[in-house]
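Going by this note's numbering, the sequence shown opens with residue 14, and the numbers climb by one from there. From the three backbone atoms N, C-alpha and C, an ideal C-beta is built for every residue, glycine too. Bear in mind that the values here come from a model prediction, so they are computed numbers and not experimental data. Worksheet: one structure, shown below.
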Amino acid sequence: MLVEPWTEGMPLPNGLTVRATEEYDLPWGGKLVFLNCIVGGVIDARFMPAIVKGIMEKMSAAPLTGSPARDIRVSVYDGKMHPVDSNEAAFKTAGMMAFKEAFLQADPKLLEPIYNVTITVPDEYMGDVMSDLPARRAVILGMDSDGHYQKIYARMPLAELDRYSTALRSMTQGRAIYTAEFAEYQPVPPHVQQKLVQEYQAQLHGEEV
Numbered sequence: 014m015l016v017e018p019w020t021e022g023m024p025l026p027n028g029l030t031v032r033a034t035e036e037y038d039l040p041w042g043g044k045l046v047f048l049n050c051i052v053g054g055v056i057d058a059r060f061m062p063a064i065v066k067g068i069m070e071k072m073s074a075a076p077l078t079g080s081p082a083r084d085i086r087v088s089v090y091d092g093k094m095h096p097v098d099s100n101e102a103a104f105k106t107a108g109m110m111a112f113k114e115a116f117l118q119a120d121p122k123l124l125e126p127i128y129n130v131t132i133t134v135p136d137e138y139m140g141d142v143m144s145d146l147p148a149r150r151a152v153i154l155g156m157d158s159d160g161h162y163q164k165i166y167a168r169m170p171l172a173e174l175d176r177y178s179t180a181l182r183s184m185t186q187g188r189a190i191y192t193a194e195f196a197e198y199q200p201v202p203p204h205v206q207q208k209l210v211q212e213y214q215a216q217l218h219g220e221e222v
């Protein structure tokens, strides 16, 4: 099994003969693109739906941090059947196990939701609010004047918006407000991913984080 990040219009995998392509819209967002690259009948086509079910079940709580995986292309190109033990349940389990291994080998990147944020702040607190934003991994896009207020346009990860209302009120004596709207998903910085993966692994093994 080959697992790759999927993007629209990407070329077919090298060295594989694609017999069939299926696209699935995932309940949590994004797509699974499934390529049947089996040749020689080593896996009967009737077992492919069971393999897909196993893959999707594993994607719903992916091995990296337990969060759902999205926008992935999976190519199944080899396998074997047993005259007695081959059934849908067995191939579903095999699909889950193969996906877990191939997924981790594909160097997966953890994504986080990024929000467009508009902060309206009195002139006298502008410096405090601006100097606080880099620590929240915010990217400042621009500013506008509105009377005695300034509007700051930025992009900020959802994780950094947690409790931002409280921090903003504290910095401005309750005189600043902000609005936030989802923009897109982006990879988290490597050090953040490493920390989250370590925390997830510790939880799996019952260790203290």
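- DSSP lists Glu35, Val87 as the bridge partner or partners of Phe47.
- Excluding residues up to 5 positions away in sequence, Phe104 lie with their Cβ nearer than 6 Å to the Cβ of Phe60 in the same chain.
- Contact between Pro18 and Asp84 holds: their C-beta atoms lie close to 6 Å from each other, under 8 Å.
- Under a 10 Å Cβ-count criterion, Phe195 is classified as exposed, with fewer than 16 other Cβ atoms of the shown protein chains found around its own Cβ.
- Apart from the 5 residues on each side of it in sequence, Glu70 sits with its Cβ closer than 8 Å to the Cβ of Lys105, Met109 in its chain, given in chain order.
- Excluding its 5 nearest sequence neighbours in each direction, Val201 has C-beta neighbours in its own chain below 6 Å: Leu123, Glu125, listed in chain order.
- Here His161 has Pro135, Asp136 as same chain residues with Cβ atoms under 7 Å from its own Cβ, once five neighbours each way along the sequence are excluded.
- Taking the Cα of Ala180 as reference, the smallest distance to any Cα among Thr20, Pro81, Lys66, Ala148 is reached at Ala148.
- Only residues of its own chain outside the window of five on either side were considered, and among them none has a CB closer than 7 Å to the CB of Gln186.
- Ala82 and Lys93 have their C-alpha atoms some 27 Å from each other.
- Between the beta-carbon of Arg168 and that of Leu146 there is about 10 Å, and that puts the pair past the 8 Å contact cut.
- With respect to Leu15, Pro26 sits close: the two C-beta atoms are nearer than 8 Å.
- The bridge partners DSSP lists for Arg168 are Asn129, Val152.
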